[in-house]
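Visitor:
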Amino acid sequence: MSSVQPIVARATPLGEGAIAIVRLSGSGVFEITDQLFFPDRGGLFSTVPERTMSIGRLVDGDRSLDHPLAVRFQAPRSYTGEDMVELHLHGNPLIVDSTLQLFLRKGCRLAEPGEFSRRAFLNGKMDLAQAEGLADLIRAESDIALDLAQQQLGGELSRRFSHFRHEIVDFLALIELELDFVQEGYELLDYEKLSSTLQSLLSDIRDLLVSYRTGDLLRRGPRILLLGRPNAGKSSLFNAILGYSRSLVSSQPGTTRDYVEERIFYRGVVLHFLDSAGIRETDDDLEAQGVSFATNLIPLADHVLYLIDSSLPESTLATEDNHFISLSQKYSQSHFLKVYSKQDIGVSIDTAHSVSVFDRLSVEHLLDSLIAQYSTHKTDSLILLTQRQHQKLLAIESFLSSISNVTDTPTELLATDLRAILQPLSELTGAVTNEDILDAVFSGFCIGK
Numbered sequence: 213m214s215s216v217q218p219i220v221a222r223a224t225p226l227g228e229g230a231i232a233i234v235r236l237s238g239s240g241v242f243e244i245t246d247q248l249f250f251p252d253r254g255g256l257f258s259t260v261p262e263r264t265m266s267i268g269r270l271v272d273g274d275r276s277l278d279h280p281l282a283v284r285f286q287a288p289r290s291y292t293g294e295d296m297v298e299l300h301l302h303g304n305p306l307i308v309d310s311t312l313q314l315f316l317r318k319g320c321r322l323a324e325p326g327e328f329s330r331r332a333f334l335n336g337k338m339d340l341a342q343a344e345g346l347a348d349l350i351r352a353e354s355d356i357a358l359d360l361a362q363q364q365l366g367g368e369l370s371r372r373f374s375h376f377r378h379e380i381v382d383f384l385a386l387i388e389l390e391l392d393f394v395q396e397g398y399e400l401l402d403y404e405k406l407s408s409t410l411q412s413l414l415s416d417i418r419d420l421l422v423s424y425r426t427g428d429l430l431r432r433g434p435r436i437l438l439l440g441r442p443n444a445g446k447s448s449l450f451n452a453i454l455g456y457s458r459s460l461v462s463s464q465p466g467t468t469r470d471y472v473e474e475r476i477f478y479r480g481v482v483l484h485f486l487d488s489a490g491i492r493e494t495d496d497d498l499e500a501q502g503v504s505f506a507t508n509l510i511p512l513a514d515h516v517l518y519l520i521d522s523s524l525p526e527s528t529l530a531t532e533d534n535h536f537i538s539l540s541q542k543y544s545q546s547h548f549l550k551v552y553s554k555q556d557i558g559v560s561i562d563t564a565h566s567v568s569v570f571d572r573l574s575v576e577h578l579l580d581s582l583i584a585q586y587s588t589h590k591t592d593s594l595i596l597l598t599q600r601q602h603q604k605l606l607a608i609e610s611f612l613s614s615i616s617n618v619t620d621t622p623t624e625l626l627a628t629d630l631r632a633i634l635q636p637l638s639e640l641t642g643a644v645t646n647e648d649i650l651d652a653v654f655s656g657f658c659i660g661k
């Protein structure tokens, strides 16, 4: 392997802990470690069998820094594909900082964010889609997001992208060959098969594009807006969902002027709840701003829970039903759900979505109905997770849609179209890429990853 400057970084979070891991990668890391770490068993660290933990002394001249465990990974059988060392130190920040400074003085460089993973990509240990899956795995905040990231890290999406690319490459090779022998009149390309393949590819890509919104929603967790008239019980339900008082609750209408946002973890799903001002006509400028905030939040919400006070007179309940219908039709892109509140004092309404903040089971039943579509999601179906992937597939869809009839398209133009499709397809997995793309993908990683 060519000479690569060794890098060093802390691989565990900052702060005190039982153990802190410092990792190194690159040319000469074994020789550098030989100068600083001395196994209790004797001999040089570089002679210890790879993937074997060795306990010993880490020293800075005559000063003993720590008595850590160390393990080495020989290229290419390592995370980065380079020679690697991991030191498992006692988790005192002073020890970690001194260790980093020690290796920096010996010629190592502090790793940039994501540089270990970037080297893994450059050395063929993972492709770009898998690297994005790794980033999602580290940031996952729910069980479903974790499953989806594991799926992408496992290469399912990469295999689909590679399959798309290989099909285009095979047809492009036949076209290029046919163009080379155009004078001889050879017809090597099966245009009907190409047309069928491109239509199938277009269908698959459109399915993945549709999955992007689902993937984004599952990864970040849905935003759920509590909406309704003043005193409909929005803030009380908001507090009941959180399990503590976060919003002011008062019998005086219009208490909530601004919106409040909090998140909870419920049955493996992260949910973002927003409590908003009551919707009504008002002459109070401050309250009117709150009403405006609330209505502006509707298009940004994945779900809108429209609360109706079940203790209201029957005629008012009918008016509220009409208001709910009007709003749900106006903002059809948001998923509206009608919820009857105050069931402990109101008219008993036979509906799946009625709640009392004093009845925890009714609150949990409401939450269960919200997460049903997420907790039952089948993670064996491919889901598009990143904006970069979405943009590349949009470009491919555009190119494919422009090829309306391959049999009527001149061979030279068809070759040009397929090359145009091949570029973003190759960029999906990093088969063809540039520094800007790599910077965008890996800069979001932590320093030691």
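Under my numbering, the first residue of the sequence shown is numbered 213, with each subsequent residue one higher.
No residue lacks a Cβ here, since even glycine has one placed at the ideal position from N, Cα and C.
Relative to the alpha-carbon of residue 641, which residue among 347, 225, 367, 252 has its alpha-carbon at the smallest distance?
Guide: Taking only the C-alpha atoms, the option nearest residue 641 is 367.
Visitor: Under 7 Å Cβ to Cβ from residue 214, same chain only, skipping five residues before and after it: list those, please.
Guide: Reliability fails at residue 214, whose pLDDT of 48 lies under 50, so the model's placement of it is uncertain and the value that follows must be treated cautiously. Nothing meets the Cβ criterion.
Visitor: So the beta strand (DSSP E) residue 547 belongs to, where does it begin and stop?
Guide: 547 to 553 is the extent of the beta strand (DSSP E) around residue 547.
Visitor: Residues in the same chain with beta-carbon distance under 7 Å from residue 426, minus the five sequence neighbours each way, listed in chain order, please.
Guide: Around residue 426: 595.
Visitor: Can you tell me which of 473, 275, 331 puts its alpha carbon nearest to the alpha carbon of residue 239?
Guide: Comparing Cα positions, the closest option is 331.
Visitor: Under a Cβ-count criterion, where at least 16 other Cβ atoms within 10 Å of its own Cβ denotes burial, should residue 530 be classed as buried or exposed?
Guide: Classification for residue 530: exposed.
Visitor: Would you be able to state if there are at least three C-beta pairs under 8 Å between the region 348 to 355 and the region 471 to 489?
Guide: At 8 Å Cβ cutoff, the stretches touch.
Visitor: So residue 609 and residue 417 are in contact, right, with Cβ under 8 Å, and what is the actual spacing, rounded?
Guide: Sure, about 5 Å apart at Cβ, within 8 Å.
Visitor: If you measure between the beta carbons of residue 283 and residue 253, is that distance less than 8 Å?
Guide: No.
Visitor: For the beta strand (DSSP E) that contains residue 475, what are its first and last residues?
Guide: Start and end: 472 to 478.
Visitor: Starting from residue 302, trace the beta strand (DSSP E) both ways and give me its first and last residue.
Guide: Where residue 302 is concerned, the enclosing beta strand (DSSP E) stretches over 296 to 303.
Visitor: So, residue 605 versus residue 334, is the Cβ gap smaller than 8 Å?
Guide: No, the pair does not count as a contact, with Cβ atoms beyond the cut-off.
Visitor: Just the C-alpha distance for residue 437 and residue 474, rounded to the nearest angstrom, thanks.
Guide: Those two C-alpha atoms are separated by around 11 Å.
Visitor: Residue 281 and residue 266 look like a contact to me (Cβ under 8 Å); what is the Cβ gap, rounded to whole Å?
Guide: Right, their Cβ atoms sit about 7 Å apart.
Visitor: Who does residue 538 pair with in a DSSP beta bridge?
Guide: Residue 538 pairs with nothing; no bridge assigned.
Visitor: Might you give, ordered along the chain, the residues of its own chain that have their beta carbon closer than 6 Å to the beta carbon of residue 250, omitting 5 neighbours on each side?
Guide: The residues are 268, 269.
Visitor: Considering only residues of the same chain and omitting the five flanking positions on each side of residue 506, which have a CB-CB separation below 7 Å?
Guide: Around residue 506: 439, 471, 488, 489, 491.
Visitor: Tell me the rounded alpha-carbon separation between residue 466 and residue 459.
Guide: Unreliable placement is indicated for residue 466, whose pLDDT of 49 sits below 50; the coordinate value is still reported in the next sentence. Roughly 13 Å between the two C-alpha positions.
Visitor: So residue 567 packs on residue 553, CB below 8 Å; how close in whole Å?
Guide: About 6 Å; that satisfies the 8 Å criterion.
Visitor: Going by alpha carbons, who is nearest to residue 375 out of 410, 302, 402, 454?
Guide: The shortest Cα separation from residue 375 among 410, 302, 402, 454 belongs to 410.
Visitor: Residue 452 to residue 305, Cα distance in whole Å?
Guide: Going from the Cα of residue 452 to the Cα of residue 305 covers about 40 Å.
Visitor: For residue 347, tell me which candidate among 336, 329, 337 has the shortest Cα-Cα distance.
Guide: Per the Cα distances, 329.
Visitor: For residue 655, count neighbouring Cβ atoms within 10 angstroms of its own Cβ and tell me buried if that reaches 16, exposed if not.
Guide: Burial call: exposed.
Visitor: Using a 10 Å radius around the Cβ and a threshold of 16 neighbouring Cβ atoms, would you call residue 518 buried or exposed?
Guide: With 16 or more other Cβ atoms within 10 Å, it is buried.
Visitor: Apart from the five residues on each side of it in sequence, which residues of its chain come closer than 8 Å, Cβ to Cβ, to residue 651?
Guide: Excluding residues within five positions, none has a Cβ falling inside 8 Å.
Visitor: Across which residues does DSSP place residue 284 in a beta bridge pair?
Guide: Bridge partners of residue 284: 297.
Visitor: To the nearest angstrom, how far is it from the Cα of residue 570 to the Cα of residue 522?
Guide: Roughly 15 Å between the two C-alpha positions.
Visitor: Determine the DSSP secondary structure at residue 220, reduced to helix, strand or coil.
Guide: If DSSP states are grouped into helix, strand and coil, residue 220 belongs with the strands.
Visitor: In terms of residue numbering, what span does the alpha helix (DSSP H) encompassing residue 356 cover?
Guide: Looking at the DSSP string, the run of the alpha helix (DSSP H) that includes residue 356 is 355 to 365.
Visitor: Should residue 317 be labelled buried (16 or more other beta-carbon atoms within 10 Å of its own) or exposed?
Guide: Flag for residue 317 reads exposed.
Visitor: Given residue 299, which residues of its chain have a CB within under 6 Å of its CB, disregarding the five upstream and five downstream residues?
Guide: Excluding sequence neighbours, residue 299 sits near 234, 280, 282.
Visitor: Expressed to the nearest angstrom, what Euclidean distance is found between the alpha-carbon atoms of residue 358 and residue 520?
Guide: The straight-line gap from Cα to Cα measures roughly 36 Å.
Visitor: Among 387, 341, 372, which residue has its Cα nearest to the Cα of residue 365?
Guide: Closest option to residue 365, Cα to Cα, is 341.
Visitor: What does the alpha-carbon distance come out to for the pair residue 241 and residue 297?
Guide: Answer to the nearest angstrom: the Cα atoms are 7 Å apart.
Visitor: Below 8 Å on the Cβ atoms is my guess for residue 613 versus residue 414; work out the distance and round it to an integer in Å.
Guide: That belief holds up - the Cβ atoms of residue 613 and residue 414 are roughly 7 Å apart, short of 8 Å.
Visitor: Who are the Cβ neighbours of residue 457 in its own chain at under 6 Å, not counting the five residues just before and after it?
Guide: Excluding sequence neighbours, residue 457 sits near 451.
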